[in-house]
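Shown next, in the form of structure tokens:
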């Protein structure tokens, strides 16, 4: 996030490089930087003759180089953007000759999504000398709520920890998808508002009471009635609540409980740091650790591995996922 911001800041200050190579597993920042360059380097009058968008599946490296070596028409520079450049992964190293001697009046932007080039080879070394390389890394699940908070804070909004967790558990770590849902909320909520679970339920359709976050909490509290009500809801709405996601999140929860039991320092700050969780949720783990001693946690982890396989159709004899989840809870609580 900070590297992407720095690229934009440098461009705003007139420090424009001849090559921007944007790569990595997280497409969000690649798209954001590329879109900023596409929209801001040239004015509208200059774009007609001096801005070109190419696609990796349709061109060869020679085509890219040929376009990049052109001189701009009635403008200080031209912009050449190569989208889906990962389709050129077998030949991308051939770009090294151009990178070693780039056209100073061209801004070449290469969007190399979901992959990265070999840093030991010549292209990467040349790019570091004459251009900018952005490696956009995928965020871990536990990093996304803080990303949501920071993005919203920069736009004048706040969000409760539970609301942020609901978004992550429902949408995963796809930042573009999360941003789309946040934009919906910003349409209906005034700037300065706090985004709550109720706002998410009303405007996005994620239930504030029947979700994996609440299931995890109910299991940790040994609140069997609430836990079974939630999995019944999941069984009635399997498309919106796939078992593979539920089992994965419960597995992560119990794995963290194992880690909690092994901590010497169980102060809130130490627990939050060790488990990589928001301090807001530390009490849930403290409570769950009292309800599930180390032996029970180890048993739950083994059960979740077994039910993960069953949920994928192995050895379950086409048992509905709702019934499998109920069986899983009976064994965890047993």
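Residue numbers (UniProt numbering): 1 to 334.
Virtual Cβ for every residue (Gly too), placed ideally from N, Cα, C.
None of these values were measured; they are calculated from a predicted model.
(request) Let me know the alpha helix (DSSP H) ranges lying completely inside the region 148 to 208, each 4 residues or longer, listed in chain order. (result) 161 to 171, 175 to 188, 197 to 203
(request) Compute the beta-carbon to beta-carbon distance between residue 142 and residue 276, rounded to the nearest angstrom, for a pair I have assumed lies under 8 Å. (result) 4 Å
(message) If contact is defined by three or more beta carbon pairs under 8 Å, each pair taking one atom from either stretch, is the region 37 to 44 in contact with the region 65 to 85?
(response) yes
(request) Determine the direct distance from the alpha carbon of residue 252 to that of residue 333, and round the result to whole angstroms. (result) 17 Å
(message) Tell me the rounded alpha-carbon separation between residue 294 and residue 329.
(response) 18 Å
(message) By alpha-carbon positions, which one of 100, 4, 238 ends up nearest to residue 126?
(response) 100
(message) Rounded to whole angstroms, what is the Cα-Cα separation between residue 21 and residue 182?
(response) 28 Å
(request) Please classify residue 21: does DSSP put it in a helix, a strand, or coil? (result) strand
(message) Is the beta carbon of residue 83 closer than 8 Å to that of residue 124?
(response) no
(request) Count the other CB atoms, across all protein chains shown, that sit within 10 Å of the CB of residue 302; report buried if there are 16 or more and exposed otherwise. (result) exposed
(request) Identify every residue that forms a DSSP beta bridge with residue 111. (result) 22
(request) Since I believe residue 131 is in contact with residue 17 (beta carbons under 8 Å), could you give me their beta-carbon distance rounded to a whole number of angstroms? (result) 5 Å
(message) Looking at the strands, I want to know which residues DSSP matches up with residue 32.
(response) BP columns for residue 32 are empty, so no partner.
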